[in-house]
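Before any comments, here is the structure.
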Amino acid sequence: MSDFYFSAKVDDETTICIAPITERRVELSGEEIDDKSGYFLFETKGGAEPSEVHILARLTSEDAALRLRRMLALK
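Heads up: the sequence shown begins at 302 in my numbering, then just goes up one per residue.
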């Protein structure tokens with residue numbers, strides 16, 4: 302799977318993203334994720350260096366990531 306990264310600013314502090322999940326983002330979410338494969342829909346708060354991450358969904362295929370990207374109009 303290629304590593305795509307799609308995002309859109311929600312407001313000055315919040316960005317919504319579809320991307321592979323990093324260890325740092327998992328740490329900021331406070332969640333335990335056993336399977337980090339595929340793509341994740343998540344929200345970051347705190348600008349360029351996020352201080353919070355809220356994981357919203359796991360997408361198991363590249364097709365699902367691309368379809369959700371179109372639905373949410375992410376770039």
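Ideal Cβ positions, reconstructed from N, Cα and C, are used throughout, including at glycine.
Computed from a prediction, not measured in an experiment: that's the story for all the values here.
**Asked** What is the DSSP secondary structure of V354, counted as helix, strand or coil?
**Response** Here residue 354 refers to the residue found at position 53 when the sequence shown is read from its first residue. It is a strand residue.
**Message:** On the DSSP letters alone, give me the boundaries of the alpha helix (DSSP H) that A365 sits inside.
**Reply:** Position 64 of the sequence shown holds residue 365. Unbroken alpha helix (DSSP H) run through A365: 363 to 373.
**Request:** Kindly indicate which residue of G331, T345, E314, C318 has the alpha-carbon position closest to the one of R371.
**Result:** Counting from 1 along the sequence shown, the entry for residue 371 is found at position 70. Closest option to R371, Cα to Cα, is C318.
**Item:** Boundaries of the beta strand (DSSP E) in which E344 is found, first to last residue
**Value:** In the sequence shown, counting from the first residue as 1, residue 344 sits at position 43. E344 -> beta strand (DSSP E) spans 340 to 346.
**Asked** If we call anything under 7 Å between Cβ atoms a contact, is V354 one with L329?
**Response** By one-based count along the sequence shown, residue 354 stands at place 53. By one-based count along the sequence shown, residue 329 stands at place 28. In this structure, L329 lies closer than 7 Å to V354 by Cβ.
**Message:** By alpha-carbon positions, which one of T315, A349, G331, T323 ends up nearest to G339?
**Reply:** In the sequence shown, residue 339 corresponds to position 38, counting from 1. For G339, the nearest C-alpha among the options comes from T323.
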